[in-house]
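Colleague:
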Amino acid sequence: MRVAVLAPTDRSLYSRLVAWSLGQEPGVQVVAVVVRSLWSWKRLRGDLRREGPRLVRKVYTKLVLGDDAYADHGPHSLAARARAAGLPGRTLRQVARALRAPYLVASDLNGRRAERFLRGARPDVIAFTGGGLIRGNILEVPRVGTLNCHSGILPRYRGMDVVEWALLECEGAAPDIGLTLHFMDRGVDTGPILLHHREPLHPRDTLESLRARLGAAMVEVMLAGIRGLRDGTLSPQPQERSAGRQYFVMHPRLKAASAKKLRTCQRS
Amino acid sequence: MKAAWLAPAFRVAENLLDDTLPVDLLRRFLMSTLEASLSALAESPPGPHIIHAPELMLAHRLAREAGLPLAPPPQVEARLPEAPGGSGRPPGLPDRVVTSRGIVLGVGETLLRSLSAEPGGNEPEIHAHLETLLRYVEVRRKAAVRTDPLSPRRRTWMEVLALAVLFSRFARWRGDRRFLNAALKVNDWAYPAHRRLGPGPPLTRYLLALAEQERAARELMDQ
Numbered sequence: 001m002r003v004a005v006l007a008p009t010d011r012s013l014y015s016r017l018v019a020w021s022l023g024q025e026p027g028v029q030v031v032a033v034v035v036r037s038l039w040s041w042k043r044l045r046g047d048l049r050r051e052g053p054r055l056v057r058k059v060y061t062k063l064v065l066g067d068d069a070y071a072d073h074g075p076h077s078l079a080a081r082a083r084a085a086g087l088p089g090r091t092l093r094q095v096a097r098a099l100r101a102p103y104l105v106a107s108d109l110n111g112r113r114a115e116r117f118l119r120g121a122r123p124d125v126i127a128f129t130g131g132g133l134i135r136g137n138i139l140e141v142p143r144v145g146t147l148n149c150h151s152g153i154l155p156r157y158r159g160m161d162v163v164e165w166a167l168l169e170c171e172g173a174a175p176d177i178g179l180t181l182h183f184m185d186r187g188v189d190t191g192p193i194l195l196h197h198r199e200p201l202h203p204r205d206t207l208e209s210l211r212a213r214l215g216a217a218m219v220e221v222m223l224a225g226i227r228g229l230r231d232g233t234l235s236p237q238p239q240e241r242s243a244g245r246q247y248f249v250m251h252p253r254l255k256a257a258s259a260k261k262l263r264t265c266q267r268s
Numbered sequence: 001m002k003a004a005w006l007a008p009a010f011r012v013a014e015n016l017l018d019d020t021l022p023v024d025l026l027r028r029f030l031m032s033t034l035e036a037s038l039s040a041l042a043e044s045p046p047g048p049h050i051i052h053a054p055e056l057m058l059a060h061r062l063a064r065e066a067g068l069p070l071a072p073p074p075q076v077e078a079r080l081p082e083a084p085g086g087s088g089r090p091p092g093l094p095d096r097v098v099t100s101r102g103i104v105l106g107v108g109e110t111l112l113r114s115l116s117a118e119p120g121g122n123e124p125e126i127h128a129h130l131e132t133l134l135r136y137v138e139v140r141r142k143a144a145v146r147t148d149p150l151s152p153r154r155r156t157w158m159e160v161l162a163l164a165v166l167f168s169r170f171a172r173w174r175g176d177r178r179f180l181n182a183a184l185k186v187n188d189w190a191y192p193a194h195r196r197l198g199p200g201p202p203l204t205r206y207l208l209a210l211a212e213q214e215r216a217a218r219e220l221m222d223q
C-alpha cells in the first residue's frame, strides 16, 4: 500500500511517529511526505483566527519545547512510543530521508505545488496528521482516500475541543471519549468511519493526561486503519449527517466546568 | 527542560491576545451597573427616553434568578410605558441580526416569537437557522460582530447583542451548551465597547445579554 503523509510542521512528533511506523510496516511504503511551511503570513492569519490566544501555547509547546513537551507524560506517551520505535532524528525531513521518501515543504497543503507532488507519488492513501483543512483537489488524489484520526467519537462529537465537550455533556454515565479514524470529505469530520477507539478515564486523570494518552493512541489507530485497508479487513461506514453536532473552541469558563465534571465522572 | 525559561514570555503573549474576561469581573459589572441604571430610572421622569425600561427590569429579574445578590428593584412599574407583547413576554428584538457585507442573517423578532410560543420548539427550520448563526459567529469570531462602518455603531451592537440574547435563551430552552459557549464569547467581545456607557438602550441591551448569559450558565453549568 502506497501512503503519503501530510503534516502541520516538520517537528510534529505525531507526524514523525506515524510516518516512521508506516515505513516499518510490511506491505506499506511511504511514497511522499508533505509538510506545511510555518513561515507564511496566510497561515499565521488563519491559525490566529481559528485558535486565538491558544496558538501561542501551541507554538510554545510544539515548536519551542518540541519533543521535550512530552517528557513527563509517562510510559504511554508519544515520547515513550517514539523511543520504543527507534524514531530517528528530530524532524520529518530526517524521517523521510531514513525512509527514502520524497519530501516537500509547501506553504499551502492544498496548493498546486503540493497537489502536483502528491499526484506524482500516486498514493493509495493519504495519512493526514494535521495542518488545516484539506480541499477537494487533494482529497481526489489518493486512490482510496485521505485518513484523519479525530479526537472524538463520531458522529456525535464533531469539531473542536471534543474531549472537553464530551466531559461537559456526560450526565451521570461515563463520558464518551475516544478517537475516530475516518476518511475526510468536504464536511467537518463527516466522512465515512473506519474504526473507533474508546478511552476510559483513569482515577487520577487530568485533561492534560487524558489528551496525552489520546495523542499517543492516535498513532496506533492510524496504523490499525492502514493495516485494515491493506488487508481488506476494514470497510468504511458512512456517517449520518444529522447524527452528530459540530462543536467549537470552548470558552475558558466552560472549560473550567468541564475539568470539574472530569472529577465528578472519576468519582462515579 | 531546555527553553522552559521562555515560558513567562509566552504566557504574557497569550494573555495579551486573550479577549476572554474573568467571570467575577463581568458579574460585578452586571450587578453594579444594573443597580445604577435602575436608580437612574427610578429618579427620572416618565417619558419616551425610558423605552428600554422593560429590558432593564427583565435583566434585573434574570440576574436575580441566576443567583446574583441584587436588592429588589426600585418601584418603577407604575411609571413604565406599556411593555410590547403583553405582560410576561420578553421585549421584542430587532428583526435584523448581524449583517455582513449587506447580507441579513436571521430574523430576531420572528425567531424569538416562534421560540417563545413553544419554548424548546421543534421547528427544524428554526433550529437550522440558529445552527447557521452559531457556525457564522464561531467560525468568523470577531469578524462576525465587526461593526458596520456605514451604520451608527450603537445600532449594530444592538443587533449583535440581540444575537447573544437569542443564543443564551436557545441554550436554556434546548439544553444546548454550544449556544451558551457562543454567547459567552460575544459578550466578552462586547465588553470594551459598553463598559463606559451611560444609562440608555445600548447599555441596557448589554446588561440583558449578560443577565441572560448568567441565567443560562446557572441552569446549564450548575454555577
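If you read the protein sequences in the order shown, they are chains Y and C. Note that my numbering has the first sequence beginning at 1, numbered continuously upward. Note that my numbering has the second sequence beginning at 1, numbered continuously upward. The beta-carbon is built from N, C-alpha and C at its ideal position, and this holds for glycine as well. Please read all numbers here as calculations on a predicted model, not as lab measurements.
Taking the CB atoms as reference points, tell me whether residue 105 of chain Y and residue 219 of chain Y lie closer together than 8 Å.
Modeller: Contact: no.
Colleague: Would residue 184 of chain C count as contacting chain Y if we go by Cβ distances under 8 Å?
Modeller: Yes, because at least one Cβ of chain Y sits closer than 8 Å to the Cβ of residue 184 of chain C.
Colleague: When you compare the CB positions of residue 11 of chain Y and residue 90 of chain Y, do they come within less than 8 Å of one another, or not?
Modeller: Cβ atoms of residue 11 of chain Y and residue 90 of chain Y: closer than 8 Å.
Colleague: Which word fits residue 246 of chain Y, buried or exposed, when buried means at least 16 other C-beta atoms lie within 10 angstroms of its C-beta?
Modeller: So residue 246 of chain Y ends up on the buried side.
Colleague: With distance defined between alpha-carbon atoms, name the residue in C:166, C:64, C:173 nearest to residue 182 of chain C.
Modeller: Looking at the Cα atoms, C:166 is the closest of the given residues.
Colleague: Does any C-beta atom of chain B lie closer than 8 Å to the C-beta of residue 168 of chain Y?
Modeller: Within the model displayed, chain B is absent; protein chains Y and C are what it includes.
Colleague: Hey, could you find the ends of the beta strand (DSSP E) residue 110 of chain Y is sitting in?
Modeller: From DSSP, residue 110 of chain Y is part of no beta strand (DSSP E); its letter is neither H nor E.
Colleague: Tell me whether residue 170 of chain Y sits in a helix, a strand or coil according to DSSP, three-state version.
Modeller: If DSSP states are grouped into helix, strand and coil, residue 170 of chain Y belongs with coil.
Colleague: Can you look up residue 126 of chain Y in the DSSP assignment and give me helix, strand or coil?
Modeller: Residue state, collapsed to three classes: strand.
Colleague: Counting pairs of Cβ atoms below 8 Å between the segment 16-34 of chain Y and the segment 115-134 of chain Y, do you hit three or more?
Modeller: The segment 16-34 of chain Y, when compared against the segment 115-134 of chain Y, does touch it at the 8 Å Cβ threshold.
Colleague: Taking the beta carbon of residue 186 of chain C as the centre, do at least 16 other beta carbons fall within 10 Å, making it buried, or is it exposed?
Modeller: Result: buried.
Colleague: Can you give the Cα-Cα distance for residue 259 of chain Y and residue 207 of chain Y, rounded to whole angstroms?
Modeller: Roughly 7 Å between the two C-alpha positions.
Colleague: Kindly confirm or deny that the segment 162-170 of chain Y and the segment 134-144 of chain Y touch, where touching means at least three C-beta pairs closer than 8 Å.
Modeller: With a cut-off of 8 Å, the segment 134-144 of chain Y and the segment 162-170 of chain Y do not count as touching, because too few Cβ pairs lie within range.
Colleague: Answer yes or no: do residue 20 of chain C and residue 176 of chain C have a C-beta to C-beta separation smaller than 8 Å?
Modeller: Taking 8 Å as the Cβ cut-off, residue 20 of chain C and residue 176 of chain C do not qualify as a contacting pair.
Colleague: Taking Cβ-Cβ distances below 7 Å as the criterion, which residues of the segment 160-178 of chain C are in contact with chain Y?
Modeller: Under the 7 Å Cβ criterion, the segment 160-178 of chain C contributes 177, 178.
Colleague: Find the nearest neighbour of residue 161 of chain Y within the set Y:117, Y:189, Y:222, judged by alpha-carbon distance.
Modeller: Comparing Cα positions, the closest option is Y:189.
Colleague: Just the chain Y side, please: which residues come within less than 7 Å of residue 215 of chain C by C-beta, in chain order?
Modeller: Going along chain Y, no residue has its Cβ under 7 Å from residue 215 of chain C, so there is no contact; the nearest lies around 14 Å.
Colleague: Using the Cβ count rule (16 or more neighbours within 10 Å means buried), how would you classify residue 171 of chain Y?
Modeller: By the 10 Å Cβ count, residue 171 of chain Y comes out exposed.
Colleague: Measure how close the beta-carbons of residue 70 of chain C and residue 59 of chain C come, nearest whole angstrom, since I'm counting them as under 8 Å.
Modeller: Not quite, the Cβ-Cβ distance comes to about 10 Å (not below 8 Å), so this is no contact.
Colleague: Which term fits residue 295 of chain Y, buried or exposed, when burial requires 16 or more other beta carbons within 10 angstroms of its beta carbon?
Modeller: Only positions 1 to 268 of chain Y appear in this structure, which leaves residue 295 of chain Y out of reach.
Colleague: Once you ignore the five residues that flank residue 163 of chain Y on each side, which residues in its own chain have a CB closer than 8 Å to its CB?
Modeller: So the list reads 151, 152, 177, 207, 210, 211, 214, once near-sequence residues are dropped.
Colleague: Which bits of chain Y does residue 35 of chain C rub up against, with CB to CB less than 8 Å?
Modeller: Near residue 35 of chain C there are no residues of chain Y at all, since even the closest Cβ is about 24 Å away, more than 8 Å.
Colleague: With a threshold of 8 Å between beta carbons, is residue 64 of chain C in contact with chain Y?
Modeller: Taking Cβ atoms only, chain Y never reaches closer than 8 Å to residue 64 of chain C, which makes this a no.
Colleague: Please say whether residue 68 of chain C and residue 27 of chain C have beta carbons closer to each other than 8 Å?
Modeller: Taking 8 Å as the Cβ cut-off, residue 27 of chain C and residue 68 of chain C qualify as a contacting pair.
Colleague: What in chain C is Cβ-close to residue 76 of chain Y, meaning under 9 Å?
Modeller: Going along chain C, no residue has its Cβ under 9 Å from residue 76 of chain Y, so there is no contact; the nearest lies around 20 Å.
Colleague: By the criterion of Cβ-Cβ separation under 7 Å, what are the contact partners of residue 24 of chain C in chain Y?
Modeller: Ordered by position in chain Y, no residue passes the 7 Å Cβ test against residue 24 of chain C, which lies about 11 Å from the chain.
Colleague: Kindly give me the distance between the Cβ atoms of residue 5 of chain Y and residue 146 of chain Y, rounded to whole angstroms, as I take these residues to be in contact under 8 Å.
Modeller: Between residue 146 of chain Y and residue 5 of chain Y the Cβ distance is about 11 Å, and since that is not below 8 Å, they are no contact.
Colleague: Please list, in chain order, the chain Y residues whose beta carbon lies closer than 8 Å to that of residue 218 of chain C.
Modeller: Correct list: empty, because the minimum Cβ distance to chain Y is about 12 Å.
Colleague: Confirm, please, whether the CB-CB distance from residue 217 of chain Y to residue 197 of chain Y is below 8 Å.
Modeller: Yes, Cβ-Cβ distance for residue 197 of chain Y and residue 217 of chain Y is below 8 Å.
Colleague: For residue 222 of chain Y, which residues of its own chain have a beta-carbon under 7 Å away from its beta-carbon, when the five flanking residues on both sides are left out?
Modeller: Taken in chain order, the residues that qualify are 18, 127, 147, 149, 181.
Colleague: How long is the line joining the alpha carbons of residue 93 of chain Y and residue 220 of chain C, rounded to whole angstroms?
Modeller: Distance between the alpha carbons of residue 93 of chain Y and residue 220 of chain C is about 48 Å.
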